[in-house]
Amino acid sequence: MMIKPEISWADFEKIDIRCGTIVSVDDFEKARNPSYQLEIDFGDLGIKKSSAQITSLYQKDELIGKQVMAVVNFPKKQIANFFSECLVMGVYGEDKKDVTLLTPSLPVKNGMPIG
């Protein structure tokens, strides 16, 4: 596995990673790879949308109420007819198809930053 180049603390501080709760999940029919369209509540930051290729390990009904980590300061990205407003974070499996979501071990307030 390739190791990425070293970054500075200032580089890391530019990334805004927050915890949010998934409030809705829909199939993303127009995506190239099997995906869900998520709406995630980030508290004071509001509800943001994201596309996530997590269909192999997660069913829609089990995702509702799940807290996840996401980068919230990327620009919007259009994927087919959908605009993703944040990047949900997960750990890739060996085949890069199975993604395990990053979640807090205890419940936290929506919108709290990662540090």
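According to this note's numbering, the sequence shown is numbered sequentially starting from 19. Where a beta carbon is used, it is the ideal one built from N, C-alpha and C, also for glycine.
{"Asked": "M87 to P52, Cα distance in whole Å?", "Found": "21 Å"}
{"Asked": "Using 10 angstroms around the beta-carbon of K48, count the other beta-carbons present and answer buried if the total reaches 16, otherwise exposed.", "Found": "exposed"}
{"Asked": "For the candidate residues G133, S123 and L119, whose alpha-carbon lies nearest to that of L56?", "Found": "L119"}
{"Asked": "Is the beta carbon of D45 sitting closer than 9 Å to the one on K95?", "Found": "no"}
{"Asked": "With H, G and I counted as helix, E and B as strand and the rest as coil, what does DSSP make of L105?", "Found": "strand"}
{"Asked": "Classify K78 as helix, strand or coil using the three-state DSSP reduction.", "Found": "helix"}
{"Asked": "Name the DSSP beta bridge partners of T39, please?", "Found": "D59 and Q85"}
{"Asked": "Is there contact here, the segment 58-65 with the segment 109-119, by at least three beta-carbon pairs under 8 Å?", "Found": "no"}
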